[in-house]
Amino acid sequence: MPGQVGKWRPSLWLVLGGALAGTLALSFLGLVALRFLGPEIGFRNAATLLALIIAGLTAVLWWLLLRLLLRPITALAGYAASVRATPDEPAAPPAHFGTRELSRMGVSVIDMAATLQDREATIRSYNDHVTHELKTPVTAITAATELLEDSEDLSAEDRRLVTQIRSAGAQIEGQLEALRHVMRAREASYRGTCTLADLADDLRRDHRRLTLTIAGETTPLPLACKGLGIVLQHLLANAREMGADAVTLAARDGTLTVTDNGPGISSGNLPHIFEPFYTTRRDAGGTGMGLAIVSSLLAAHGARIEALSQAAGARFVIRFAAA
């Protein structure tokens, strides 16, 4: 990093120990000086003079602590926030690191951020490559099955096999589209705030088969309406597909709870429901990516979701990071 190599830095213990020793020394020397100066210039004048001197020296200590501790920590926190907000754009690293320990921590954080950005770029590139390469053979399979289905020479058994091939091709195509949705969920930025009242009409319109109950409608949640809408659309669709007909949304203090009256989640499925491609509805066309998309989108914005086991129905709790 520019300007960081070969630069001497005090250790943290030296800064803190020096500040503490300096504070104690100022107090002690002030008492000693007052004892000797008081009889000479008057105790009131001596006290005023010493107060000004001590205040000036304390200000110097404060400036040193500000420069060596507070400024580097604030700059590093700002760098981390910038990387989090715009992970695809290069962020300027802190120009000052203060002590040796803060310098090592700063370099580690910057290296970690670069590693994570490189890893994210690698995953994105691999995902784009796989979805692109598989698109052509899937399209060929679909076209071939359509031609075979139009043939009059196929037996009933052959037609059943062609139907299975067509279904498998459609399933692969659905999985590829779900993968693209997951990557978009991780890359898109939905910074902002939203309330359930902002989304209530759209959710009720899109899920007419569900009786929707909302608590904390005006409670602000630290996610833009478009992002929160994607999350809730997936959760409500999941509830409907699992047989629920009523869902309750409750927002409170940075937490959103989604509870339905469906059959619930079995203890065997509970640890896996956020894993990509994990589904109990494969035969019904489920891709197993809906909850993975929700989890990825929330994780990209500093939030997390968990599913809770209960006697009846499914319950999801979303905990948002501080806005």
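Reminder that position 106 of the sequence shown reads as 105 in numbering that gives the first Met the number 0, one-by-one numbering, no gaps.
Note that beta-carbon positions come from the ideal geometry of N, C-alpha and C, so glycine has one too.
- In the DSSP assignment, alanine 32 falls within the unbroken alpha helix (DSSP H) covering 11-40.
- Here DSSP, grouped into helix, strand and coil, assigns glutamate 305 to strand.
- The beta carbons of isoleucine 109 and proline 92 sit closer together than 9 angstroms.
- DSSP places arginine 203 inside the alpha helix (DSSP H), whose first and last residues are 195-205.
- Below 8 angstroms, too few C-beta pairs join the stretch 200-207 and the stretch 310-321 to call them touching: fewer than three.
- In the three-state DSSP reduction, alanine 74 falls in the helix class (H, G or I).
- According to the DSSP secondary-structure assignment, isoleucine 317 is paired through a beta bridge with Leu255 and Ile304.
- Just so you know, the alpha carbons of leucine 153 and glutamate 176 end up roughly 31 angstroms apart.
- In the DSSP assignment, the residues bridged to threonine 212 are Thr247.
- Look at the beta carbons and you see the stretch 246-261 touching the stretch 212-229: at least three pairs across the two are nearer than 8 angstroms.
- Glycine 173 and leucine 133 have their alpha carbons spaced roughly 12 angstroms apart.
- When secondary structure is reduced to three states using DSSP, leucine 220 falls in the strand class.
- Note on alanine 74: 16 or more other CB atoms within 10 angstroms of its CB, so buried under the neighbour-count rule.
- Comparing C-alpha distances from glycine 226 to each of Thr194, Thr141, Leu160 and Ala18 shows the shortest one belongs to Thr194.
- A distance below 9 angstroms separates the beta carbons of alanine 306 and phenylalanine 273.
- Excluding sequence positions up to five before and after glycine 29, its CB lies within less than 7 angstroms of the CB of Leu49 and Ile53, all in the same chain and listed in chain order.
- The beta carbons of alanine 18 and leucine 64 sit about 6 angstroms from each other, so the pair counts as a contact at 8 angstroms.
- Nearest to arginine 239 by C-alpha distance, out of Arg251, Val257 and His95, is Val257.
- A residue is called buried when at least 16 other Cβ atoms come within 10 angstroms of its Cβ; alanine 94 does not meet this threshold and is exposed.
- Nearest to methionine 241 by C-alpha distance, out of Asp259, Leu231, Thr254 and Gln232, is Asp259.
- Residue range 289-299 is occupied by the alpha helix (DSSP H) that includes leucine 296.
- In the three-state reduction of the DSSP assignment, glycine 55 falls in the helix class.
- In this structure, DSSP gives glycine 263 a state outside helix and strand, which the three-state scheme calls coil.
- Using a Cβ distance threshold of 9 angstroms, proline 71 and threonine 114 do not count as a contacting pair.
- Between aspartate 252 and the set Gln232, Ala236 and Pro221, the nearest pair of CA atoms involves Pro221.
- The C-alpha of phenylalanine 96 is placed about 56 angstroms away from the C-alpha of arginine 207.
- Cβ-Cβ distances below 8 angstroms link valine 161 to Thr144, Leu147, Glu148 and Leu153 in the same chain, with the five nearest sequence neighbours on each side left out; the list follows chain order.
- Distance check between isoleucine 317 and each of Thr192, Leu255 and Cys224 places Leu255 closest, using alpha-carbon atoms only.
- Under the three-state reduction of DSSP, threonine 47 is assigned to helix.
- Residue state for aspartate 152 is assigned as coil, using DSSP reduced to three classes.
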